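Working notes, structure below.
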Amino acid sequence: MKTTAKIPHWLIWLCFTLLMIALVALGYRKQANNPAGSDFDVYLQAARLMLEEAELYQVPTHGVHYYRYPPLLAFLMGPLARLSFESALLVWLASSAIIMSVVCLAWYRIVTGMHFWRERARIQWAIGGVALLVSLRYVLSHFNYGQVNLTVLVLLVFGCVLIFKDRPVSGGALIGVSLAIKPFALPFLVWAMVSRRWCVLIAVMAGGLIGAVLPASGVGIYQNLEYLKQWISHLADSVSPTNIWLASNNVSLYASLQRLFSDMEVRHLDGTMSTVSILSLPALAVEILAWLVFLALLGWIAVVARKYGSSSDTRVRSAVASFMFALIPVLTTTAQKHYFVMIIPAIIYVLCAWWVFNCRDAAFRVLVVVSFVLLAATGPAIWPKAWAQIFQSAGVISIAAILLAAAIGRSINSPGPANAAGRSRYVS
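The sequence shown begins at 70 in the numbering used here and counts up one residue at a time.
This is the structure we're talking about:
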């Protein structure tokens, strides 16, 4: 009689823990040995400047990078500013690893109603392994730069969780606070407006206001207002980025459309130049095209929110929220690779739809596969660096995120997440 060897559950947790340790170590090594500094270096200097009530936005780190975020982030970084750079960096990276773990486990729980560690081993390996493989390129970029996007992501995720648990005020407030760190929550605002969740919308505005005025408790009202004015000025400049912002590390859909439909040469981080132009249009026509695409995406969000956003079924609501997460980085005009950690909930959702709920819709599966291939297989680990730069400049990453959103939209009406027979074990 044949026996099948079972893989112990603890092995996947060991692998995941080792991966998190590796990400922390790689991020620490990259930033500690970078003479030009990193994004975390910018945050830390801003926190120290704020503690001194000094100029925040005109003092570059190492003569290179400027602080471009709302005052709240510098205020929240205050405790780390009292540590040495090495100690603060280690705390920041370890916190990012914990946040990523919590986000993945919380979103799996909200989508399926089950704790991930209680799942069958093959489900754990399939979902955990594929999710990490697809998102690793973007997660590694996040750790290498010491970015803050995972902090914004955890606020949005738990804001959604609270709203799903009929706590719209606290959930909306968390989403509002996230806006005061990085304005990524635009799709969720559209969702709240279209589905007439006025309580959520008011709570979001209140949370954003709290986040905006909180630094005044440390620097005073007048100084905080000056910081906010400078940040708003920067935000207005970055809505339609100039050529300075259109280097190949800007992987946004906006930047990609500018490159594809003009004769501009793209500057790469290694100093080389190339072009991905397929048609040269007047600058005004390219600008109009880009904003028409953005309006179309917002219209798509509004349609999905209108159709499904008022549902009381948590699985449907988690699908709608995952759809929003997939499109967050696509709607920014200066997105870099680390912005795409925001799509992690969307990746988890489609894997749950495939493996847990057994969604057999052919179009859904094709969209998921193509999206995952474009997300994971267009980097320099697989292709020559020059090719990877072309893929990146041409908007492949943003296209992959749009296809991921399309897969989620397709899955809502397909056999699976919303009506998975025999799998009705949701725990609220």
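In this text, a Cβ means the ideal position worked out from N, Cα and C, and glycines have one as well.
The structure presented is a predicted model; accordingly, all values stated were derived computationally and were not measured.
Taking 8 Å as the cut-off, the beta carbon of Leu473 is found closer than this to the beta carbon of Val419. Counting C-beta atoms within 10 angstroms of its own C-beta, Trp456 has fewer than 16 neighbours from the protein chains shown and is therefore classed as exposed.
Exclusion of the five residues before and after Ile347 leaves Leu329 and Phe330 as the residues of its chain whose Cβ lies within less than 8 Å of its Cβ. CA-CA distance, Ala475 to Ile481, rounds to 10 Å. Here the segment 198 to 218 lies against the segment 101 to 121, with 3 or more beta-carbon pairs under 8 Å apart. Taken through DSSP and simplified to helix, strand or coil, Val465 comes out as helix.
The residue from Gly197, Leu248, His134 and Ala115 with its alpha-carbon nearest to that of Leu80 is Gly197. When the beta-carbon positions are compared, Gly96 and Ala116 stay at least 8 Å from each other. Between Ile192 and Trp424, the CB-CB gap stays under 8 Å. Counted as a single uninterrupted DSSP element, the alpha helix (DSSP H) harbouring His211 occupies residues Ala190 to Tyr214. Of the candidates Val335, Ser483 and Pro256, the residue whose Cα lies closest to the Cα of Ser317 is Val335. DSSP places Arg151 outside both helix and strand once states are collapsed to three, so it counts as coil. Val335 is bridged by DSSP to Ser343. Sequence-distant Cβ neighbours of Ala371 in its own chain, meaning closer than 6 Å and more than five residues away, are Val259 and Val263. Taking 4 residues as the minimum length, the alpha helix (DSSP H) runs contained wholly in the segment 371 to 412 are 383 to 396, in order along the chain.
DSSP, reduced to helix, strand and coil, places Thr447 outside both helices and strands of the structure shown, so it counts as coil. By DSSP's assignment, Thr130 forms a beta bridge with His134.
Note on Ile471: 16 or more other CB atoms within 10 angstroms of its CB, so buried under the neighbour-count rule.
Taking the CA atoms as reference points, Val320 sits about 30 Å from Gly276. For the 8 Å CB-CB criterion, Phe409 and Ile466 form a contact. The C-beta distance from Leu366 to Leu396 rounds to 6 Å, short enough to fall under 8 Å. In the same chain as Arg137, and ignoring 5 residues on each side of it, the C-beta atoms closer than 6 Å to its own belong to His303, in chain order. Counting along the chain, Ser286 sits inside the alpha helix (DSSP H) bounded by residues Ala285 to Val288. For the pair Ala175 and Val230, the CB atoms are nearer than the 8 Å cut-off. Counting along the chain, the unbroken alpha helix (DSSP H) around Ser247 starts and ends at Pro237 to Leu248.
Annotation: Gly182 to Ala101 spans about 41 Å, alpha carbon to alpha carbon. Nearest in C-alpha terms to Asn213, of all of Arg178, His337 and Ala166, is Ala166.
Contact annotation: the segment 238 to 258 does not touch the segment 351 to 365, with fewer than three C-beta pairs closer than 8 Å. With a 10 Å radius around the Cβ and a threshold of 16 neighbouring Cβ atoms, His131 comes out exposed. Contact annotation: Arg266 and Pro284 have beta-carbon atoms that are not nearer than 8 Å. CA-to-CA, the gap between His337 and Ser387 works out to about 38 Å. Between the alpha carbons of Ile279 and Leu443 lies a distance of about 39 Å.
Residue Ala272 holds the alpha-carbon nearest to the alpha-carbon of Ile232 among Ile477, Ala272 and Ala404. At the C-beta level, Pro414 and Val226 come within 8 Å of one another.
Excluding sequence positions up to five before and after Glu122, its CB lies within less than 8 Å of the CB of Val288, Gly289 and Gln292, all in the same chain and listed in chain order.
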